[in-house]
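Chemist: Below you will find the structure I want to go over with you.
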Amino acid sequence: MYRALLKLHIHLKNRVLDLSYSYGFFVADHSLYVILICFGIFLLSLFQITTNVPPPGSTLEIFAESSKSFRPVRARLELNTSDQLHDKQPDKPLWYSGYPLAYVQHIVIRCSSLTSRRSCLLRARDIRDRLFSDQQFDTNCLRVGEPINAQQMISYLPSFGCLLLSPLNLWSNDILNIKNNEREILETISSLSKRYIDIIFGIPQEYFSSNKPFTYAITLLLNNASNEYRQDLKKRLFAFDEQQQDDIIHIYFSRKSLLYYLPLVLIYIVVFLYIYYSVSQFECVKSKWGLALAATVQIVVSLLISLALSSLFHMTPRLDGGEVFPYLVIFIGLENLVVLTRAVTSLQAQKQYDDIRERVAHALRAESWTISKHLVYELIIVMIGFITYVPTVRKFFFPMKFQIYSNSYLIYFDA
Numbered sequence: 007m008y009r010a011l012l013k014l015h016i017h018l019k020n021r022v023l024d025l026s027y028s029y030g031f032f033v034a035d036h037s038l039y040v041i042l043i044c045f046g047i048f049l050l051s052l053f054q055i056t057t058n059v060p061p062p063g064s065t066l067e068i069f070a071e072s073s074k075s076f077r078p079v080r081a082r083l084e085l086n087t088s089d090q091l092h093d094k095q096p097d098k099p100l101w102y103s104g105y106p107l108a109y110v111q112h113i114v115i116r117c118s119s120l121t122s123r124r125s126c127l128l129r130a131r132d133i134r135d136r137l138f139s140d141q142q143f144d145t146n147c148l149r150v151g152e153p154i155n156a157q158q159m160i161s162y163l164p165s166f167g168c169l170l171l172s173p174l175n176l177w178s179n180d181i182l183n184i185k186n187n188e189r190e191i192l193e194t195i196s197s198l199s200k201r202y203i204d205i206i207f208g209i210p211q212e213y214f215s216s217n218k219p220f221t222y223a224i225t226l227l228l229n230n231a232s233n234e235y236r237q238d239l240k241k242r243l244f245a246f247d248e249q250q251q252d253d254i255i256h257i258y259f260s261r262k263s264l265l266y267y268l269p270l271v272l273i274y275i276v277v278f279l280y281i282y283y284s285v286s287q288f289e290c291v292k293s294k295w296g297l298a299l300a301a302t303v304q305i306v307v308s309l310l311i312s313l314a315l316s317s318l319f320h321m322t323p324r325l326d327g328g329e330v331f332p333y334l335v336i337f338i339g340l341e342n343l344v345v346l347t348r349a350v351t352s353l354q355a356q357k358q359y360d361d362i363r364e365r366v367a368h369a370l371r372a373e374s375w376t377i378s379k380h381l382v383y384e385l386i387i388v389m390i391g392f393i394t395y396v397p398t399v400r401k402f403f404f405p406m407k408f409q410i411y412s413n414s415y416l417i418y419f420d421a
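Residue numbers are given in my numbering: position 134 of the sequence shown equals residue 140, and the series is strictly consecutive.
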């Protein structure tokens with residue numbers, strides 16, 4: 007058994023070395039095409055990021071509590087030490103003070119797989135009629151004015167009235183416009199882009215597959231709503247389903263200054279200087295600053311590609327300076343990049359091979375087995391993280407999987 011495993015190990019190692027050697031010649035002979043392919047993938051990643059990933063600094067913090075303990079709070083500076091309001095308790099976040107700017111009522115509707123989508127959508131009509139039957143609704147809701155400029159959404163979003171978002175907006179809130187054909191309903195939904203579906207349906211796009219229970223949400227925004235009206239609205243909504251949880255979720259959009267991103271900028275500057283001094287001893291490198299800049303750009307591109315792939319599967323990590331993901335990208339991609347660069351530009355390689363094609367091929371052959379082993383080890387760690395079935399752990403390892411793939415791809419492609 008041991009001899010068979012050892013023989014398999016030697017066979018795999020020789021196979022990896024031979025493929026890397028041949029691939030090194032291919033990259034050296036077709037360097038222009040390789041660069042164009044990488045640049046095209048980078049542009050596709052930028053398009054995916056700009057259309058589906060929120061910009062850095064647009065993060066939010068969430069705090070949930072039971073509505074029984076909820077009371078509109080005064081500003082923290084106005085509170086006395088004897089006050090017993092809930093924002094003085096240590097388990098509340100520091101930003102939880104002052105009156106809310108607006109109230110967002112999210113009504114989630116989940117239908118069984120046996121219920122037709124038309125019947126499920128008509129449930130939103132019942133809730134809409136119940137809301138508009140109250141005379142106070144028109145005065146407490148958040149009203150919008152002129153229509154937006156987006157041509158695709160101008161017929162779907164409300165204008166000159168209460169801001170109420172539901173799938174009925176796709177059919178102008180008219181029951182007669184909703185087809186009884188399941189395929190036509192799905193085609194109407196799939197014709198919209200992801201961002202518009204998230205706005206109108208109030209939930210992520212992955213809930214709209216044909217093999218899942220149909221789920222959507224009605225989003226209602228209230229402005230300057232009194233506590234009595236909110237309590238009355240809650241009772242009328244609970245009349246539809248008594249089993250719903252009575253919770254209030256507080257959302258705080260934190261504003262990050264430039265100092266918050268300073269550690270992230272500094273670490274990339276340190277990486278740039280580290281690569282520069284790592285190759286400064288090699289005389290064959292004409293532009294050491296250029297090589298260091300190219301290596302740093304490659305790490306950033308690897309970060310962007312992994313971010314684009316993660317957003318494609320609706321698992322987008324945050325790029326804030328306080329998050330771990332941007333720093334792990336550096337440690338994953340830096341070492342293999344430096345080792346491969348040293349192998350190509352080393353003095354021993356210069357003496358043995360005058361041709362740059364030979365240098366690239368032999369450098370890939372020398373380091374490919376080590377890089378491949380590191381790739382397997384990293385994937386095993388990611389797999390162990392997925393096996394735990396802990397949501398936080400899986401959410402952390404999911405983008406790291408794409409980072410490992412993109413880093414290995416760029417290292418071999420840009421060799």
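Beta carbons: idealized from backbone N, C-alpha and C, even for Gly. Model, not experiment: these values are computed from the prediction.
#1: Pull up the CB-CB distance for residue 30 and residue 371, whole angstroms please, since I reckon it's below 8 Å.
#2: For residue 88, which residues of its own chain have a beta-carbon under 6 Å away from its beta-carbon, when the five flanking residues on both sides are left out?
#3: In whole angstroms, what separates the C-alpha of residue 85 from that of residue 101?
#4: Considering just the uninterrupted stretch of the alpha helix (DSSP H) at residue 280, what are its terminal residues?
#5: Identify the continuous alpha helix (DSSP H) that holds residue 22 and give its terminal residues.
#6: When you compare each of 407, 10, 332, 414 to residue 267 by their alpha carbons, which one comes out closest?
#7: Under a three-way DSSP split, which group does residue 148 fall into?
#8: Give the secondary structure of residue 208 by DSSP, where H, G and I count as helix, E and B as strand, and everything else as coil.
#9: For residue 112, write down the residues that DSSP places opposite it in a beta bridge.
#10: Can the beta-carbon of residue 311 be found closer than 7 Å to that of residue 414?
#11: What is the DSSP secondary structure of residue 162, reduced to helix, strand or coil?
#12: Taking the alpha-carbon positions, what's the residue 126 to residue 21 distance?
#13: Does DSSP put residue 126 in a helix, in a strand, or in coil?
#14: Hey, residue 176 and residue 224 are a contact pair by Cβ (cut 8 Å); roughly how many whole angstroms apart?
#15: Taking the straight line between their C-alpha atoms, what separation do you get for residue 4 and residue 142?
#16: Please state the DSSP three-state secondary structure of residue 70.
#17: On the premise that residue 284 lies in contact with residue 366, defined as a C-beta separation below 8 Å, what is that separation, rounded to the nearest angstrom?
Modeler: In short:
#1: 7 Å
#2: For residue 88, the pLDDT reaches just 40, beneath the cut-off of 50, and the residue's location in the model is therefore unreliable, although a value from the coordinates is still provided. Excluding positions up to five away in sequence, the list is empty.
#3: With a pLDDT of only 39 at residue 85, under 50, the local geometry of the prediction cannot be trusted, and no value is derived from it.
#4: 268-285
#5: 8-35
#6: Measuring from the Cα of residue 267, the nearest candidate turns out to be 332.
#7: In the structure shown, residue 148 sits in coil (DSSP, three-state: anything other than H, G, I, E or B).
#8: Three-state result, residue 208: coil.
#9: 225
#10: no
#11: coil
#12: 57 Å
#13: helix
#14: Actually they do not touch by this definition, with Cβ atoms about 13 Å apart.
#15: This structure cannot speak to residue 4, because the chain is shown only from 7 to 421.
#16: strand
#17: About 18 Å separates the two Cβ atoms, so there is no contact after all.
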